[in-house]
Amino acid sequence: ETGSDGVAILGSTGEANSLTIEQRLDIIAYCGSKLAPERLMMGTGSCSLQDAIRLTQASVAAGVYAVLVIPPFYYRPQSDASVLRYYTELIAAVNDPRLRIVFYNFPQLSGYNFSLEILQQLKQRFGDIAAGIKDSSGAWGNMLNITKNVPDFMVYSGTETLLLDILREGGAGCITASANLLAPECQQVFQAWKNNQQDAAEQAQKKLSVLRKALESYPFVSELKGLMAEYSASEHWQQMLPPFTPLLASEISELSAEIKEAGLDLNQRL
Numbered sequence: 001e002t003g004s005d006g007v008a009i010l011g012s013t014g015e016a017n018s019l020t021i022e023q024r025l026d027i028i029a030y031c032g033s034k035l036a037p038e039r040l041m042m043g044t045g046s047c048s049l050q051d052a053i054r055l056t057q058a059s060v061a062a063g064v065y066a067v068l069v070i071p072p073f074y075y076r077p078q079s080d081a082s083v084l085r086y087y088t089e090l091i092a093a094v095n096d097p098r099l100r101i102v103f104y105n106f107p108q109l110s111g112y113n114f115s116l117e118i119l120q121q122l123k124q125r126f127g128d129i130a131a132g133i134k135d136s137s138g139a140w141g142n143m144l145n146i147t148k149n150v151p152d153f154m155v156y157s158g159t160e161t162l163l164l165d166i167l168r169e170g171g172a173g174c175i176t177a178s179a180n181l182l183a184p185e186c187q188q189v190f191q192a193w194k195n196n197q198q199d200a201a202e203q204a205q206k207k208l209s210v211l212r213k214a215l216e217s218y219p220f221v222s223e224l225k226g227l228m229a230e231y232s233a234s235e236h237w238q239q240m241l242p243p244f245t246p247l248l249a250s251e252i253s254e255l256s257a258e259i260k261e262a263g264l265d266l267n268q269r270l
């Protein structure tokens, strides 16, 4: 209804790593029973390999075979070999050929950057199970290299500003925090590109990029939940977990004005 082709649950904006494993398991079961599982992707990564296994098993049991898995991010990977071991043990424990892992590349948080070489190893070893990558590094050269050199592998940009670029190079699309608000604009870019309307795609991308940049003033969790609370008149959206804190009313007002100036009236969107 709002332009999304699917929903990533328990990602960064979902505060997954601030939740207990029991809370995450409950969310997986609930979403799998209430939403179309083939349209979902569950975040199941954890610093604890055993927790990652339990979460991934729960996702598969709920019929959600696509999972987004960040590598360990406190005791950070020592080498590509250590990352390969983590995913090898995860896949072996889940032991289900229907599993589809989208590797989560967020080196600013995890301290590890997925290179072309490790992705080629993962793809060669695990085939269809190594399904793709969400790349939030912002490193366009790395994304481009992956799209060109890892066959049958979905590459998602972590920012809308690269949506048209990644589509043109054979990528799958984008998975982003701000798509919670900007999914219609993302879909406009996608449809114009799909229908080979290049001028329309360029214009839609320019508008989308301006809106995305207007949403980069504050941490996405505080910002998006603050806007949802303001425009849906539901204070439940302000119940974020530490270390996040709600934005001030003055900050919400200023942010709303910036977004409206960029071309989006949140009164109509939310």
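Anchor point for the sequence shown: position 37 equals 37 in the numbering used here, and the numbering is continuous, going up by one each time.
Using N, Cα and C, we set each Cβ at its ideal position, and we do this for glycine too.
Secondary structure in the stretch 54 to 128: the beta strand (DSSP E) runs of 3 residues or longer, each lying completely within the stretch, are 66 to 69 and 100 to 105 in chain order.
DSSP, reduced to helix, strand and coil, places Ile133 within a strand of the structure shown. It is roughly 43 Å from the alpha-carbon of Leu255 to the alpha-carbon of Ile91. One thing to note: Gly158 has its Cβ within 9 Å of the Cβ of Thr176.
With a threshold of 16 other beta carbon atoms within 10 Å, Ser137 meets it and is buried. Out of Leu224, Ile21 and Val67, the CA that lies nearest to the CA of Arg269 is found in Leu224.
According to the DSSP assignment, Met42 belongs to the beta strand (DSSP E) that extends over Leu40 to Gly43. With a cutoff of 9 Å on beta-carbon distance, Arg76 and Thr44 are scored as not near each other. If you draw a 10 Å sphere on the C-beta of Ala214, you find 16 or more other C-beta atoms in it, and that means buried. If the five residues before and after Asp51 are omitted, its C-beta is found closer than 6 Å to the C-beta atoms of Ile21, all from its own chain and listed in chain order. Closest option to Leu119, judged by alpha-carbon separation, among Ala130, Leu109, Tyr112 and Ser110: Ala130.
Taking C-beta atoms as the reference points, Phe103 and Pro71 count as a pair closer than 9 Å. CA-to-CA, the gap between Cys174 and Arg85 works out to about 28 Å. Short of 6 Å from the beta carbon of Thr88, and not among the five residues preceding or following it, lies no beta carbon of its own chain. In this structure, the CA atom of Ala8 is about 8 Å from the CA atom of Leu68. Here Asp96 is exposed. Its C-beta has fewer than 16 other C-beta atoms within 10 Å. Between Pro246 and Gly226, the beta carbon gap of about 6 Å places them in contact (Cβ cut-off 8 Å). Ser157: member of the beta strand (DSSP E) spanning Met154 to Ser157, first to last residue.
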